[in-house]
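Heads up: take any position in the sequence shown, counting from 1, add 493, and you land on my numbering. Below you'll find the structure, written out as structure tokens, and then a few comments.
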Amino acid sequence: MRVIGTAGHVDHGKSTLIEALTGAHPDRLKEEKAREMTIELGFGWLTLPDGEEVGIVDVPGHRDFIENMLAGVGGIDAALLVIAADEGVMPQTKEHLAILDLLQIHSGLIALTKADLASDSGWLDLVSSEIRSAVSETVLKDAPIIPVSAKTKTGLDELISNLQSLLKNKPSRADLNRPRLPIDRVFSMSGFGAVVTGTLQDGRLSVGDEVEILPGGAKGRIRGLQSHKQKEETAVSGSRTAVNISGVNTEQIRRGNVLVHPGQYQATRRLDARFKALKDIRKSIAHNDEVKFFVGASETIATLRLLGAEEIQAGEEGWIQLELRDPVVALRGDRYVLRRPSPGETLGGGAVADHQPKGRHKRFDKNVVKSLEALAQGSPADVLFEAALALQVAPINEMIAKSRLESESADSALRELLESGRLVALNETLAAALPVWKALESNMLETVDAYLRQFPLRRGVPREELKSRLNLAPKIFNAAIAFLAARRSLLDERGAVSSPGHEIRFDGENQAKVRALRRGVESNPFSPPSVKECLAQAGEEIYNALIELGELVQVSQEVVFRKTDYDEMRRRVLSAIGERGTITLAETRDMFDTTRKYAQALLEHLDADGETIRDGDARKLRK
């Protein structure tokens, strides 16, 4: 299903031509009919001789309503430029033509309307020559010029035949399984609720789908779909679609919003783009100029930041970053138009290069421009690589979504990047561009090494502390640690991360403290010095190091045993229970000729380890 859009000067017969082609007048508003001038967007459709249905968007031609026109041309497959034979090329003709050029609407026809008013064929030839000159450097330079008369119906069959040939040779819209519907109309129907219309892009919508309205975030469900007033179960990419939504009211929606599947898109307040200024603008484009930004069906005020230049003169091109007053949904490759707010003037436009830039760019950073040029002109692998750079460490499907590559190109680009090593897959879902990964890897290894230099008597960095120091999201942290551990770049054991080859060593003064502590514990194995006394004698770092090395076993807040002594006590207690069935606290105390404090700490530790269980005043083996 295809959509064409009209363009042309006011009162050149756009709406009348559509009525002649479709049998229905596109003007909806009483004011429009009274003034005989289109103010809002109008819609119609016709069936071509080959059976294909074509939607028609009728846009305003009057200068006062030029910005409504911009909302209508963003999603069209071809343009129908309308020029009246009795007036020829007029100011809005040129402005609409410039907008079609900026939006790169390459397919189109030129309808020379009101041909019945021409005095003779020589006049039509003269006007046609003027038109050919006006479009000679635009996207419509090769478009057929077809004289027509809505009044006498002459030329309509030829126009329809040319339109059919034009659309037959045009590729179908891509279905990227990520539908988005830029909303150009919002209204309510009694008994049905909110209805929105637009030209569907990038995927399909089906009755029952959950949907989200961006940027507001209101969520609902598709209650019904229509295309050309026919009910549909599924709307396809490229079709004019009306969507009846349950769970959302019209107050939550406005023109310029985008209807999407939840979680597939994000609105943005910042965009990087290639910009081309029109040749006839009144003055050059300057840094920090305030402009009106149009993309899809949306319009907002933006501050224009020039990258790599002080200004852009008429007819020149350059890189810009736009800071948007209101969030919009736009993607890499989307065409846009800029206008000066006052006095109103179309300045130029181009294509979005990055719809989610990381931040405000340094204006004269050559690397920024180089990256944007790769995004705009590079191979599929280059485009995907730049998307990966922008997202840092992210799900692979998000990188592909940001790249805006079609599935086949994306799969090929992904394989190329992985095989060449430019993209590093941390696991099945997460990846990072090689420079991003190298920086992260270096930071992780250095953080671990720095920690171990600061605390040489510790086994490693506790995982939670390392995650906090690196300031990483849990999924990324866990994937990065697992990736490095699998390659033995780091060790991840018992809740701590360390460097391969790291060992706890006691040197100099520390050795003397360790020997003194060992003597104290060995001299009274079953009633050793308390935890507090050990800490006072050797210090916290040495004490914890001996715990980490497994030389000491702390069984309570107060009691610690040498590992060999603890193992003997454990063995004898469990053996006694095995022989007698139970053992009491008093029997344990007497067995080791110790005090109640040590015996109780030992038994409670065995309980906590799940080897024994208390039964009244005794312990028995846990089943």
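Here a beta-carbon is modelled for each residue, glycine too, at the ideal position from N, C-alpha and C.
Beta-carbon proximity list for residue i, same chain, < 8 Å, skipping 5 on both sides
{"i": "E804", "result": "S777, I778, A779, H780"}
{"i": "D1058", "result": "V1014, P1018, F1019, P1021"}
{"i": "T727", "result": "R697, L698, S699, V700, L718"}
{"i": "L1114", "result": "L1067, I1070, G1071, E1104, T1105, I1106"}
{"i": "A1009", "result": "Q1030, A1031"}
{"i": "E569", "result": "Looking at the sequence shown, residue 569 is not Glu but Ile. Closer than 8 Å at Cβ, skipping near neighbours: V496, I497, G498, V550, I598, T692."}
{"i": "G601", "result": "A571, A572, L573, L574, L593, V632, L633, A636, L659"}
Local Cβ density within 10 Å of residue i, reported as buried at 16 or more and exposed below that
{"i": "A1005", "result": "exposed"}
{"i": "I794", "result": "exposed"}
{"i": "D847", "result": "buried"}
{"i": "N1037", "result": "buried"}
{"i": "N860", "result": "exposed"}
{"i": "M937", "result": "buried"}
{"i": "L610", "result": "exposed"}
{"i": "A513", "result": "buried"}
{"i": "G1109", "result": "exposed"}
{"i": "D520", "result": "At D520 the pLDDT is 48, less than 50, meaning the model places this residue with poor confidence and gives no usable figure here."}
{"i": "G554", "result": "Because G554 sits at a pLDDT of 45, beneath the cut-off of 50, its placement in the model cannot be relied upon, and the following sentence gives the value as read from the coordinates. By the 10 Å Cβ count, G554 comes out buried."}
{"i": "G501", "result": "buried"}
{"i": "I1106", "result": "exposed"}
{"i": "D1060", "result": "exposed"}
{"i": "T606", "result": "buried"}
{"i": "D635", "result": "exposed"}
{"i": "Q1050", "result": "exposed"}
{"i": "T647", "result": "exposed"}
{"i": "T645", "result": "exposed"}
{"i": "G731", "result": "buried"}
{"i": "R946", "result": "exposed"}
{"i": "S720", "result": "buried"}
Same chain, Cβ closer than 6 Å to residue i, neighbours up to 5 away in sequence not counted
{"i": "L660", "result": "R495"}
{"i": "P873", "result": "L898, S902, A906"}
{"i": "D557", "result": "Here the model assigns D557 a pLDDT of 43, short of 50, so the residue's position is not dependable, and the following value carries that caveat. The answer is none, since no qualifying residue turns up."}
{"i": "H599", "result": "V632"}
{"i": "N670", "result": "G696"}
{"i": "V751", "result": "R673, P675, L707, V822"}
{"i": "Y944", "result": "V954"}
{"i": "E468", "result": "The first residue shown for the chain is 494 and the last is 1116, placing residue 468 beyond what the model contains."}
{"i": "K772", "result": "A807, G808"}
{"i": "G548", "result": "V496, W538, R733"}
{"i": "L977", "result": "L983"}
{"i": "A1092", "result": "L1078, T1081, R1082"}
Contact set for residue i: own chain, Cβ-Cβ below 7 Å, skip 5 residues either direction
{"i": "L824", "result": "V845, H848, R897"}
{"i": "T509", "result": "A643"}
{"i": "I1040", "result": "Q1047"}
{"i": "R962", "result": "T940"}
{"i": "E529", "result": "Low confidence applies here, because E529 scores a pLDDT of 40, under 50, leaving its location unreliable; read the following figure in that light. Cβ neighbours of E529 beyond the five flanking positions: none."}
Cβ-Cβ distance between residue i and residue j below 7 Å
{"i": "E792", "j": "V753", "result": "no"}
{"i": "A571", "j": "H505", "result": "no"}
{"i": "K507", "j": "V575", "result": "yes"}
{"i": "I738", "j": "V679", "result": "no"}
{"i": "I639", "j": "A608", "result": "no"}
{"i": "K895", "j": "A880", "result": "yes"}
{"i": "L573", "j": "V830", "result": "no"}
{"i": "T448", "j": "A1029", "result": "Not covered by the structure: residue 448. The range shown for the chain is 494 to 1116."}
{"i": "R656", "j": "V641", "result": "Checking the sequence, you will find Leu at residue 656 rather than Arg. Contact: no."}
{"i": "R767", "j": "G843", "result": "yes"}
{"i": "A760", "j": "T690", "result": "no"}
{"i": "K960", "j": "F970", "result": "yes"}
{"i": "R714", "j": "G740", "result": "yes"}
{"i": "V784", "j": "D827", "result": "no"}
{"i": "R762", "j": "L817", "result": "yes"}
{"i": "P850", "j": "D765", "result": "yes"}
{"i": "L950", "j": "E866", "result": "no"}
{"i": "A1094", "j": "V1052", "result": "yes"}
{"i": "L910", "j": "F878", "result": "yes"}
{"i": "H854", "j": "L815", "result": "no"}
{"i": "L1042", "j": "I997", "result": "yes"}
{"i": "P993", "j": "R1011", "result": "no"}
{"i": "R748", "j": "A790", "result": "yes"}
Touching by the beta-carbon criterion (3+ pairs, under 8 Å), the region 886-900 and the region 917-925:
yes
Kindly provide the ranges of any beta strand (DSSP E) runs that are 3 or more residues long and lie completely inside the region 803-884, ordered along the chain.
810-821, 828-833, 838-847
Is the number of C-beta pairs between the region 585-592 and the region 611-621 that are closer than 8 Å three or more?
no
Any chance you could list the alpha helix (DSSP H) runs of at least 4 consecutive residues sitting entirely within the region 554-638, in chain order?
559-566, 584-595, 614-627
Can you list the alpha helix (DSSP H) stretches of 4 or more residues lying completely in the region 1026-1068, in chain order?
Listed in chain order, the complete alpha helix (DSSP H) runs (minimum 4 residues) inside the region 1026-1068 are 1033-1041.
Which residue spans inside the region 888-952 form an unbroken alpha helix (DSSP H) run of at least 4?
DSSP runs (the alpha helix (DSSP H)) wholly in the region 888-952: 889-896, 900-913, 927-947.
At 4 residues or longer, and completely inside the region 637-723: list those alpha helix (DSSP H) runs for me, N to C.
Listed in chain order, the alpha helix (DSSP H) elements of length 4 or more contained wholly in the region 637-723 are 649-661.
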